[in-house]
Every structure is written in C-alpha cells, then in structure tokens.
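Residue numbers (our numbering): 97 to 174.
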C-alpha cells in the first residue's frame, strides 16, 4: 500500500489529485482519497478516484464511503 498526503492549505482540484497519483506511480482509479470537503470529494471523483468522506464531507453523503469521524475509517490490506 502506498500513501501520500498533501498539506492542508492546498487548493483541491482534479489536477492536484492527478499529480498525487502520478507521484505514487499508480493510476487514479487505484486511489482512495480520504477527504472532509465536498469540493475535494468532487475533485477526486472528477479524475476517477474513490473517496472516503469524513466529517462535513460525510454529512453531504457524496463519498463512496461516509464516516462521521476519521476514527471510524479502518483500512484492511488483504
């Protein structure tokens, strides 16, 4: 599993997420974005990524998976 993070002050756009996938050396369709903003979720969807929405993002119900708190998100590597 590869993980990358972006600083909190980055403006979330489709291009930012595409760059993150490129730096990881994987296709956007192989990514899961953990995001707390509707704009970030929409940007991830725009480049074909799956999303885990947390907090406010989850309240909108726009993620593939929606969680009230980050602690509810558990990743399992099979």
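Note that the Cβ used here is the ideal one computed from N, Cα and C, for glycine as well.
7 Å Cβ shell around residue i - same chain, five flanking residues per side excluded
{"i": "residue 166", "result": "150"}
{"i": "residue 140", "result": "113, 129, 131, 147"}
Opening and closing residue of the beta strand (DSSP E) in which residue i lies
{"i": "residue 128", "result": "128-131"}
For residue i, the residue or residues it bridges with in DSSP
{"i": "residue 148", "result": "130, 161"}
Residue i: first and last residue of the uninterrupted alpha helix (DSSP H) it sits in
{"i": "residue 169", "result": "Where residue 169 is concerned, there is no enclosing alpha helix (DSSP H), given that its DSSP letter is neither H nor E."}
{"i": "residue 108", "result": "Counting along the chain, residue 108 falls outside any alpha helix (DSSP H), and DSSP gives it neither H nor E."}
Local Cβ density within 10 Å of residue i, reported as buried at 16 or more and exposed below that
{"i": "residue 135", "result": "exposed"}
{"i": "residue 137", "result": "buried"}
{"i": "residue 157", "result": "exposed"}
{"i": "residue 153", "result": "buried"}
{"i": "residue 121", "result": "exposed"}
Neighbourhood of residue i by C-beta, 8 Å cutoff - its chain only, sequence neighbours within 5 removed
{"i": "residue 145", "result": "113, 117, 124, 125, 127, 128, 129"}
{"i": "residue 109", "result": "139"}
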